[in-house]
Amino acid sequence: MKIDYLIAGQGLAGSLIAWHLLAQGQRILVVDRDEDGTSSKVAAGLVTPIAGARFHLPDGLEERLNYARQFYWDLEEAGAGTLFHHRRIARLFQNEKEKATWEQRMAINDSRYDRFVSPLVIDETFFRANHGGFEMREGGWLDLPSFLEHTRISLLKSASYAIGHIDANDIAIQPDGIQWKNITASKVIFCEGWRGNQNRFFDWVPMNPALGNILEVTFPDLGNEERIISRGGWIIPIADGRYRVGSTYYHHSHPEPSLADRRNAVLQKLHTITTASASVVHHLSAIRPVIRRSQIFMGIHPAHSSVAFFNGFGSKGVINGPWHAKCLVDHLLQGLPLPPEADLRNNHF
Numbered sequence: 010m011k012i013d014y015l016i017a018g019q020g021l022a023g024s025l026i027a028w029h030l031l032a033q034g035q036r037i038l039v040v041d042r043d044e045d046g047t048s049s050k051v052a053a054g055l056v057t058p059i060a061g062a063r064f065h066l067p068d069g070l071e072e073r074l075n076y077a078r079q080f081y082w083d084l085e086e087a088g089a090g091t092l093f094h095h096r097r098i099a100r101l102f103q104n105e106k107e108k109a110t111w112e113q114r115m116a117i118n119d120s121r122y123d124r125f126v127s128p129l130v131i132d133e134t135f136f137r138a139n140h141g142g143f144e145m146r147e148g149g150w151l152d153l154p155s156f157l158e159h160t161r162i163s164l165l166k167s168a169s170y171a172i173g174h175i176d177a178n179d180i181a182i183q184p185d186g187i188q189w190k191n192i193t194a195s196k197v198i199f200c201e202g203w204r205g206n207q208n209r210f211f212d213w214v215p216m217n218p219a220l221g222n223i224l225e226v227t228f229p230d231l232g233n234e235e236r237i238i239s240r241g242g243w244i245i246p247i248a249d250g251r252y253r254v255g256s257t258y259y260h261h262s263h264p265e266p267s268l269a270d271r272r273n274a275v276l277q278k279l280h281t282i283t284t285a286s287a288s289v290v291h292h293l294s295a296i297r298p299v300i301r302r303s304q305i306f307m308g309i310h311p312a313h314s315s316v317a318f319f320n321g322f323g324s325k326g327v328i329n330g331p332w333h334a335k336c337l338v339d340h341l342l343q344g345l346p347l348p349p350e351a352d353l354r355n356n357h358f
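Residue numbers for the sequence shown follow our numbering, so the first one is 10 and each next one is one higher.
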C-alpha cells in the first residue's frame with residue numbers, strides 16, 4: 010500500500026495534522042493504539058487567552074486563536090456537531106500580589122487587552138473573590154473526546170485509520186521515503202504524546218511527562234453559573250449540572266501519589282475557588298507530554314528527511330495546535346519555514 014504520509018498517534022496532534030494533510034489532498038494512514046485515558050481524551054480542552062501569573066498576552070495569540078476557532082467551526086458546519094463551547098472566564102485573583110500584577114499590566118494601557126477583558130461580576134456567596142478579578146472574553150473549551158471521535162470516524166470512512174502501534178525500530182528508511190510493514194510512505198510523522206522520545210529517532214528530545222488529574226463533579230448548591238471560574242485551578246460547566254474541575258500535575262521525577270491523594274489535591278484546589286460542596290462523579294487521570302514549558306516542537310528529523318515530529322502540546326494546545334499544524338503541513342508540502350521557536354532544527358536540547 011502506497012500513501013503520502015504515515016501518522017503515528019491520533020491524539021490532538023495526530024488528528025490536527027491529519028485534517029490539514031487531507032485538506033491538501035494527501036493520502037494518509039493514521040495508526041493509533043486506541044487507548045482509553047490518554048491525555049487528549051482526558052484533557053479539559055481549555056481556551057484561556059490570558060493565562061499565567063503575569064497575565065501575559067503571547068505574541069501572535071490573536072492569529073492563532075482566530076485560526077483555531079475557524080478550524081473548529083468549519084468541522085462543526087461539516088457535521089461534527091458542537092465541538093467548541095464559548096464560555097467567558099471569571100478570573101479571580103488568588104492574592105494581593107496577583108491583583109497588583111494585573112493593575113500594573115492594565116496601567117500600561119496595551120490596546121490588545123481590550124478584546125479580551127471585561128469587568129468582573131461575581132456572586133461571593135459561592136466564589137472566593139475577596140481579591141477581585143476580571144472577566145475574560147473569547148474563552149471556552151473544546152470537547153476533545155468528541156473531536157477525536159469525529160476525526161476517527163471520518164478517517165475510518167476514508168480507510169485512513171488503523172488500530173496498532175508503529176515501532177520506530179520497524180521503520181525502514183528508503184531513498185524516497187519509508188517502509189513500515191506493507192506500507193510505503195513519503196514520510197512518517199510521530200505524534201505520540203508523552204511517548205514522543207521513546208523511539209530511536211527522537212530519543213534526544215527532553216520530555217518531562219506529567220500525570221494530570223481532573224475531577225468531574227456536581228454542585229447541588231452552585232446555581233446556574235455558566236462561566237468558567239479560574240483561581241489557581243478552574244471549574245468548567247459541561248452539561249446537565251456536571252462540571253470538570255482541576256487540575257493537578259505530577260512529574261515522573263517525583264513519587265506518584267496515591268489515587269486518593271490525587272483526588273484530595275484536586276478537591277483542595279477546588280476549595281480555594283468556591284465554598285460550594287461538590288459530589289465527585291469521575292476521577293480522570295492521564296499522562297501529558299511536556300517539552301520545555303509546554304512548547305510545541307515540530308519539524309523534520311535533522312538526519313532523516315522522511316521522518317517528522319509533532320508534539321509538546323501543553324495547556325494551550327487547543328489554541329496553538331491548529332495553526333502549528335498548518336505551519337507544519339505548509340513546511341512539508343511547500344517548504345515554507347517553520348516558526349523558529351518551534352522548529353526542531355533550531356533547538357539544541
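Even for Gly, the Cβ is constructed at its ideal location relative to N, Cα and C.
These figures come from a predicted structure and were not determined experimentally.
- Task: Could you pull out every unbroken alpha helix (DSSP H) segment of at least 4 residues lying fully inside the region 54-125, listed in chain order?
- Result: 70-84, 105-116
- Query: With Glu144 and Leu129 assumed to form a contact (beta carbons below 8 angstroms), what rounded beta-carbon distance in angstroms separates them?
  - Reply: 5 angstroms
- Task: Compare the C-alpha of Tyr76 against each of His29, Ala89, Glu234 and name the closest.
- Result: His29
- Got a sec? Which residues, its chain only, sit under 7 angstroms from Phe211 by beta carbon, not counting five neighbours each side? Phe199, Gly205, Phe318
- Message: Runs of 3 residues minimum, wholly inside the region 288-336: which ones carry the beta strand (DSSP E) assignment?
- Response: 288-297, 306-309, 316-320
- Residue of Gly221, Ser286, Asp339 minimising C-alpha distance to Thr134: Ser286
- Do you know offhand how far Asp19's Cα is from Pro331's? First, the residue type needs correcting, since residue 19 is Gln and not Asp in the sequence shown. C-alpha separation (whole angstroms): 14 angstroms.
- Message: With distance defined between alpha-carbon atoms, name the residue in Asn104, Met115, Arg297 nearest to Ala52.
- Response: Arg297
- Task: Kindly indicate the opening and closing residues of the beta strand (DSSP E) around Asp41.
- Result: 37-41
- Query: Contact check, Met326 vs Ile300 under 8 angstroms by CB: the rounded distance?
  - Reply: Note on identity: in this sequence residue 326 is Gly, with Met being the wrong assignment. That pair is no contact at about 12 angstroms.
- Just checking, does the region 151-171 make contact with the region 37-45 on the three C-beta pairs under 8 angstroms criterion? yes
- Buried versus exposed call for Met115 [16 or more other C-beta atoms within 10 Å across all chains shown]: exposed
- Give the DSSP bridge partners of Ile386, in chain order. Because the chain in this structure spans residues 10 to 358, residue 386 falls outside the shown range and cannot be described.
- Could you tell me which residues DSSP puts in a beta bridge with Trp189? Ile192
- Query: Hey, how far is the Cα of Arg253 from the Cα of Pro346?
  - Reply: 39 angstroms
- Query: How should Val290 be labelled, buried or exposed, when 16 other C-beta atoms within 10 angstroms of its C-beta is the threshold for buried?
  - Reply: exposed
- Message: Could you tell me the alpha carbon to alpha carbon distance between Arg161 and Asn118, rounded to whole angstroms?
- Response: 45 angstroms
- Message: With distance defined between alpha-carbon atoms, name the residue in Trp243, Ile237, Ala89, Ala60 nearest to Arg97.
- Response: Ile237
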